[in-house]
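Chemist: This note's numbering applies: residue 514 is where the sequence shown begins, and numbers increase by one.
In this text, a Cβ means the ideal position worked out from N, Cα and C, and glycines have one as well.
Bear in mind that the values here come from a model prediction, so they are computed numbers and not experimental data.
So that we are looking at the same thing, I have put the structure below in C-alpha cells.
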Amino acid sequence: MKEVLVGQRKLQVCDVGEGIPLLLVHGFPLDHSMWQHQILGLKDHCRVIAPDLFGFGKSESFGRADGKLTMAEMADDLAVVLEQLSVSGPVVFCGLSMGGYIGWQFYCRHRERLGRLIMCDTRAAADSEDVARGRLMMAQKTIASGPADLVEPMISRLFSPITMTTQLDVVAATRDVMLNTDPRSIAAALRGMAERDSAEELLEDLDVPTMFICGKDDSITTLEEMQTLADRTSGASFVAVEDAGHLAPLENPLVVNDAIKAFIA
Ligand code: MLT
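Here you go:
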C-alpha cells in the first residue's frame, strides 16, 4: 500500500501493475480488500488502483462524531489520488454499491478523467425518506454503541446463500473489516449516503461506455433493479453473476474478472 496525501487526509492506496488504470472503489463499510481477487487477477492486464476511502480500512479515520462524508467529497478525493499517483490518462472507474454512488459523482465532477465506467451491485436512485431517516438513526446508534448493530444484520444480506455456507473465511474476514471500522467514519458515510442525489437523470445521456455487474442473489440492489438501470443506459452492457450476492467481485471473482477484462479490451 502507498500513502497518498489528499489535502490533510492520509489515504492508503494499493497501486499495482501497468497499463490502463483501473480504479476500484469499495462499498460501505468495507475497504480495498473486497477487491483482493481483482487486484491479483487483473494486475497483469492493467494498472490496478484500489484505495481505502477516507475513514475506511487503513486510511485515516474520520475525526468527528457528528460529521458527514458526501459522495461528491469522496469522488474529489479520488481525483486527487489519481493526480498524486501521476495517472494522466482516463481511468476505468469500477465502483461497488457506495463505490457506485461515488462513481456517479465522479462522472459529474471529473468527466475528463473517466474513460469507462463499471457499476457493480449499485443503484442510481436516491434514498427514500424512510431509508434516509433509518440511516441517520443508525449513525447515532453506531456512535453510541459501536458498529455491531449495523454489521450483524447487514452481513447476511451482503452474500448469496451459497457464499454464506461455502466461503466461511470470506464472510468472517468481511465481518472483521466492518467491525474494525471507526464508528465515526461509519456514521459520516451513512449521513453522506442519506443525502445523496438521484443519478437517474444521467442514465439516458451517459456518454461513457458503461457495464453493469450484479450478483444474481443480490438482495440489496436486486438483479431486476440493475437490469432496469442497464436498459435505461444507452449502449450499456449487463452481466449477471451466478452464485453471488451483493459482493459479486469477492464471491465469484472469475466471472467478474473475465467480464472486466473483456470490457477493458
Ligand atoms: C454498500 O454495499 O456500499 C451499501 O450497501 C450501500 C448502501 O447502504 O446503500
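Less than 8 Å separating the beta-carbons of E717 and S747?
Modeler: Yes, they are a contact pair.
Chemist: Is it right to say Q521 is buried, meaning 16 or more other beta carbons lie within 10 angstroms of its own, or is it exposed?
Modeler: Its Cβ having fewer than 16 others within 10 Å, Q521 is exposed.
Chemist: Only counting the same chain, and skipping five residues up and downstream in sequence, which positions put a Cβ closer than 6 Å to that of M587?
Modeler: These residues qualify, in order along the chain: L566 and I615.
Chemist: Excluding the five sequence neighbours on either side, which residues of its own chain have a C-beta within less than 6 Å of the C-beta of R745, listed in chain order?
Modeler: Once the five neighbours on either side are set aside, the close Cβ partners of R745 are L716.
Chemist: Classify R648: buried if its beta carbon has 16 or more other beta carbons within 10 angstroms, exposed otherwise.
Modeler: By the neighbour-count rule (16 or more Cβ atoms within 10 Å), R648 is buried.
Chemist: Under the three-state reduction of DSSP, which class applies to P762: helix, strand or coil?
Modeler: Reduced to three states, the DSSP call for P762 is helix.
Chemist: Hey, would you say T583 sits closer than 8 Å to G758, going by beta carbons?
Modeler: In this structure, G758 does not lie closer than 8 Å to T583 by Cβ.
Chemist: Can you confirm whether the region 600-610 touches the region 526-538 when touching is taken to mean that 3 or more C-beta pairs between the two stretches lie within less than 8 Å?
Modeler: A contact exists between the region 526-538 and the region 600-610.
Chemist: Between the alpha carbons of V519 and L627, how many angstroms are there, rounded?
Modeler: The straight-line gap from Cα to Cα measures roughly 19 Å.
Chemist: Quick check: what's the CA-CA separation for C633 versus S658?
Modeler: Going by the C-alpha atoms only, they are around 31 Å apart.
Chemist: What does E516 pair with, by DSSP beta-bridge criteria?
Modeler: In DSSP, E516 forms a bridge with Q525.
Chemist: Over what stretch of residues does the alpha helix (DSSP H) that includes G705 continue unbroken?
Modeler: Note, G705: alpha helix (DSSP H), P696 to A707.
Chemist: Hey, would you say the C-beta of S610 is under 7 Å away from at least one heavy atom of the ligand MLT?
Modeler: Result yes, Cβ under 7 Å from the ligand MLT.
Chemist: List the residues that DSSP assigns as beta-bridge partners of I631.
Modeler: Answer by DSSP bridge pairing, in chain order: C607 and M724.
Chemist: Compute the beta-carbon to beta-carbon distance between V721 and R629, rounded to the nearest angstrom, for a pair I have assumed lies under 8 Å.
Modeler: Yes, they are in contact, since the Cβ atoms of V721 and R629 sit about 6 Å apart, within 8 Å.
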